[in-house]
């Protein structure tokens, strides 16, 4: 039988696609290797000997920014092995590497939904930057393999070094408010204590969808300064709130301490544990503002501590989560006050 000839353009098309797939596979493999080395079994011994907590490597710029950037660069560098890829591929193909890597970490229970949701936006942006750099290099100049290897090693070297630095503390303020058709006395009665909240009283929020527990109730030991509120959330999350200001029908303020010793490890990802190394809720305050028409504007303000090397980015997420939580609580109070 005569041999079958393969059309050269068709052969080139399949070769280009194979290079893209190999590029994605390389990017995913690199990302998984980095994730395992900075947190899991291969690195535990030398990280502990260096005095670095096991989770520290993940909460670094080297991992969250430089890691995805290198993933994007490697993805496109491999995709360009047979010939220059297209500009749109520089931008979007690295996303496939990042998303697949995160899917694998989720399936293997290495990473939780909260951390994936928070890391994904910045990881996609950095992967695109890496892909564009890799594409420009491939199109306009040659980069020795040793140089590519040196770039790939950087996150492994810089991450542990960065983790040894003391992260700056930043205090964030989140303010929420809601209009309530009720008297100040009714509102005051409903903010002192919050009896058990039925799930039907709460709207499902995006924060709950990615894994943050919903509020359950808030009890009060006694009325007045020094009284202790126990604010309970799903899955064993508990805040001990000590009253610091008690002005009936006007103002209720309290310091907040998470009962971190009794929070089950499955409640939150270790990197976003409240009262942990990176994040804590410090205090809260209700203010009742009477309006001319007899309604009340109820304000809820809280302060949080952030301690990361990327507080600007982490603050976007912590503010959004706290805003979602505070709004949910205010809506429950509004509903109950207006039914009273």
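In the numbering used here, the protein residues as written are 13 to 352. Glycine included, every Cβ here is placed at the ideal spot set by N, Cα and C. Here the structure is a predicted model, which means the values were calculated and not measured.
Neighbourhood of residue 408 by C-beta distance below 7 angstroms, restricted to the same chain and skipping five residues each side:
An answer regarding residue 408 cannot be provided, because it is not within the stretch 13 to 352 covered by the chain.
Beta carbon of residue 113, beta carbon of residue 44: below 7 angstroms?
yes
Take residue 131 and list the residues in its own chain whose beta-carbon comes closer than 7 angstroms to its own, dropping the five residues that flank it on each side.
76
Please report how far the alpha carbon of residue 306 lies from the alpha carbon of residue 352, in whole angstroms.
Roughly 15 angstroms between the two C-alpha positions.
Could you check whether the region 185 to 192 touches the region 329 to 348, counting it as contact only if at least three pairs of C-beta atoms, one from each stretch, sit closer than 8 angstroms?
yes
With three or more C-beta pairs closer than 8 angstroms as the rule, is the region 136 to 156 touching the region 169 to 176?
The region 169 to 176 makes no contact with the region 136 to 156, as fewer than three CB pairs between them are under 8 angstroms.
Check whether the region 209 to 218 and the region 231 to 242 touch, using three or more Cβ-Cβ pairs below 8 angstroms as the test.
no
When the Cα atoms are used, what is the spatial distance from residue 334 to residue 185?
9 angstroms
Use the C-beta contact count for residue 121: other C-beta atoms within 10 angstroms, 16 or more gives buried, fewer gives exposed.
exposed
If we call anything under 7 angstroms between Cβ atoms a contact, is residue 267 one with residue 285?
no
DSSP three-state label for residue 186, please.
strand
From 160, 325, 296 and 164, residue whose alpha carbon lies closest to that of residue 265:
When only C-alpha atoms are compared, the closest one is 296.
Write down every uninterrupted run of the beta strand (DSSP E) in the region 94 to 144 whose length is 3 residues or greater and which is fully enclosed by it, in chain order.
none
Could you please give the first and the last residue of the uninterrupted beta strand (DSSP E) stretch that includes residue 325?
Where residue 325 is concerned, there is no enclosing beta strand (DSSP E), although the alpha helix (DSSP H) it sits in stretches over 323 to 351.
Please confirm whether residue 227 and residue 251 have their CB atoms less than 7 angstroms apart.
no
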